[in-house]
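**Q** Heads up: the sequence shown begins at 6 in our numbering, then just goes up one per residue.
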Amino acid sequence: MLNAIKSIYDWVIKYKIYHLVFWFAYHFTWWIVFKGGFIKVFDQISQPSVFIWFFSFVIFQAIGVYFCLYFLIPKYLEKSKYLKYIVLVIITIITMAILILTPNIMGYYFFPELQISLSGLYKIFLQNTLPSSIGSMTLGMSIKLSKNWLSSQKQQRVLEKEKLETELKFLKSQFNPHFLFNTINSIFVLINKNTVMATESLAKFSDLLRYQLYECNEHQILLDKELSYLRSFIELEELRQNDNFVITADLPNSSSGNLAVAPFLLMPFIENAFKHISQHNNKPNRIEIKVRLVDNQFMFKISNTVAQNEKISRDAVTYGGLGLKNVKRRLELLYPNNYTLELNQENDKYIVVLKLNLEEHISPQLKPYQL
6 MLNAIKSIYD WVIKYKIYHL VFWFAYHFTW WIVFKGGFIK VFDQISQPSV
56 FIWFFSFVIF QAIGVYFCLY FLIPKYLEKS KYLKYIVLVI ITIITMAILI
106 LTPNIMGYYF FPELQISLSG LYKIFLQNTL PSSIGSMTLG MSIKLSKNWL
156 SSQKQQRVLE KEKLETELKF LKSQFNPHFL FNTINSIFVL INKNTVMATE
206 SLAKFSDLLR YQLYECNEHQ ILLDKELSYL RSFIELEELR QNDNFVITAD
256 LPNSSSGNLA VAPFLLMPFI ENAFKHISQH NNKPNRIEIK VRLVDNQFMF
306 KISNTVAQNE KISRDAVTYG GLGLKNVKRR LELLYPNNYT LELNQENDKY
356 IVVLKLNLEE HISPQLKPYQ L
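(1) Tell me the DSSP secondary structure of I307 in three-state form.
(2) For R236, which residues in the same chain have their Cβ closer than 8 Å to its Cβ, ignoring the five residues on either side in sequence?
(3) Per the DSSP calculation, D255 is bridged to which residue(s)?
(4) Spatial neighbours of T200 within its chain, please: C-beta separation below 7 Å, excluding the five flanking residues on both sides.
(5) So if DSSP puts A384 in a beta bridge, which residue, or which two residues, is it bridged to?
(6) Let me confirm a value: F274 is counted as buried when at least 16 other C-beta atoms fall within 10 Å, else exposed. Which label applies?
(7) Can you tell me which of I189, K280, V251, V266 puts its alpha carbon nearest to the alpha carbon of I226?
(8) Please identify the residue among F62, L185, E83, F210 whose C-alpha is closest to the C-alpha of S157.
(9) Are the stretch 93-101 and the stretch 51-60 touching by the rule of at least three beta carbon pairs closer than 8 Å?
(10) Which one of V38, Y87, G140, E170 has the shortest CA to CA distance from R334?
(11) Name the two residues that bound the continuous alpha helix (DSSP H) containing Y75.
(12) Cα-Cα, which of L195, W28, F76, Y216 is closest to L207?
(13) If R291 and T310 are in contact, beta carbons under 8 Å, what's the gap, nearest whole angstrom?
(14) Shortest alpha-carbon distance to L244 belongs to which of N287, T188, S283, Y75?
(15) Please check the pair L361 and N343, which I expect to be a contact at CB under 8 Å, by giving their CB distance rounded to whole angstroms.
(16) Would G42 and S138 be called neighbours here (beta carbons separated by less than 8 Å)?
(17) In the DSSP assignment, the alpha helix (DSSP H) including E347 goes from what residue to what residue?
(18) Which residue comes first and which comes last in the alpha helix (DSSP H) that contains H281?
(19) From the DSSP output, in three-state form, read off L359 for me.
(20) Using the beta-carbon count (16 or more within 10 Å), is F193 buried or exposed?
(21) Only counting the same chain, and skipping five residues up and downstream in sequence, which positions put a Cβ closer than 6 Å to that of S308?
(22) Quick check on this structure: which residue in F65, V332, E240 has the alpha carbon closest to the alpha carbon of F269?
(23) Give the C-beta separation of K295 and K306 to the nearest angstrom, bearing in mind that I take them to be a contact with Cβ-Cβ under 8 Å.
(24) What residues are listed by DSSP as bridge partners for K354?
(25) Decide if W28 is buried, meaning its Cβ has at least 16 other Cβ atoms within 10 Å, or exposed.
(26) Starting from Q302, follow its DSSP beta bridges and name the residues at the other end.
(27) Given that a residue counts as buried once 16 or more other Cβ atoms are within 10 Å of its Cβ, and exposed if not, what is Q66?
Quick look at the structure:
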């Protein structure tokens, strides 16, 4: 039984039978509205001549509408041939209205009860078949154009999603090689200074590399893991700095639950601080890092001392080999309308403050991409 019902359903869908049902229901409903009741209309349509007229009325209007939807729109409207399209639509509507009168003309000869004068036919044309044809054409075009618009919007969102994903991968690929080069170079410097420290650095670097290669290939990663990675990186940097460098990192050790963040999102700011830190000989060169988490509100603040008279241009600042423009672009792609980024220079200190609204769970896809 279910297979039989499914077969009928598939047949109806395949051959668009439901379209015919729609047009009959549409015109029958309007007929009831104008005639003042179902019983009155049913009595009329029970007459063979009226039924033939109603059937031809529906068929001719449907043919005209589909001619417009599947021929005129693709051939003229979608190719920006607007004048030809408008003229042909008008001709199609008038032709529809005239063809609908065919049963009335035939009725003049075959059905005495439908004998109508030429003036009567003209009146029916102006008051019935022409307005009805215009209404049917307008309805059909509205449905078709709405479907086309929704389809194009969906396709546009898919293309935008693919573009954003490609752009994010490109930005990430720009950062990773730069990080690897800097870290290897730091270890190389330590080998000549202190082999024990170099060995420790190499072990930490191995952990960082494992994280980078195997644990952060998703769009988001647990915040705890990202903070642990940052601690390891900071410790690695501390090993190669002299006693005149003071690094203060206030990163919470407590669990942040299932809160997630994009991998390597904070790393460019930390790397930039080490790159642009002052080189004072008579006073400490400082880097201060602070992370705060209140519910889903994440705040990251980092500052580094700079030379007394050095003025760092925001546009010139680079992060992990990336320009500030690219860093902001990544934030816009990952957290649209969910972040604030402040960059300021106060006397001999450069300060970056990033605030994010984090998600409560790791999603296989970022929210901005969902359709």
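We treat Cβ as the ideally placed atom computed from N, Cα and C, and that holds for glycine.
Predicted, not measured: the structure shown is a model, and the values here were computed from it.
**A** Let me lay it out:
(1) Note: I307 maps to strand in three-state DSSP.
(2) Around R236: A254, L256.
(3) Looking at the DSSP output, D255 sits in a beta bridge with K295.
(4) The answer is none, since no qualifying residue turns up.
(5) There is simply no residue 384 to check, as the chain begins at 6 and stops at 376 in what is shown.
(6) The residue in question, F274, is buried, as its Cβ has 16 or more Cβ neighbours within 10 Å.
(7) Selected option, being the one with the closest Cα: V266.
(8) The shortest C-alpha separation from S157 is found at E83.
(9) Flag = no, the stretch 93-101 and the stretch 51-60 do not touch.
(10) Ranking V38, Y87, G140, E170 by CA distance to the CA of R334 puts E170 first.
(11) No alpha helix (DSSP H) holds Y75; DSSP gives it neither H nor E.
(12) Each of L195, W28, F76, Y216 was checked against the Cα of L207, and the nearest Cα belongs to L195.
(13) Sure, about 5 Å apart at Cβ, within 8 Å.
(14) Among N287, T188, S283, Y75, the Cα nearest to that of L244 belongs to T188.
(15) Taking a contact as a CB-CB distance under 8 Å, the pair L361 and N343 counts as one, their CB atoms being some 6 Å apart.
(16) When the beta-carbon positions are compared, G42 and S138 stay at least 8 Å from each other.
(17) For E347, no alpha helix (DSSP H) segment is defined; the enclosing uninterrupted segment is the beta strand (DSSP E) at 344-351.
(18) Taken as a continuous stretch (DSSP letters only), the alpha helix (DSSP H) holding H281 covers 272-281.
(19) In the three-state DSSP reduction, L359 falls in the strand class (E or B).
(20) Exposed is the label assigned to F193, since fewer than 16 other Cβ atoms lie within 10 Å of its Cβ.
(21) Excluding positions up to five away in sequence, the list reads E293, K354, I356.
(22) Checking every option, the nearest Cα to that of F269 belongs to V332.
(23) By a beta-carbon distance limit of 8 Å, K295 contacts K306. Their separation comes to about 5 Å.
(24) According to DSSP, which records beta bridges pairwise, K354 is partnered with T310, E351.
(25) Flag for W28 reads buried.
(26) Answer is V299, N362, bridged to Q302.
(27) Flag for Q66 reads buried.
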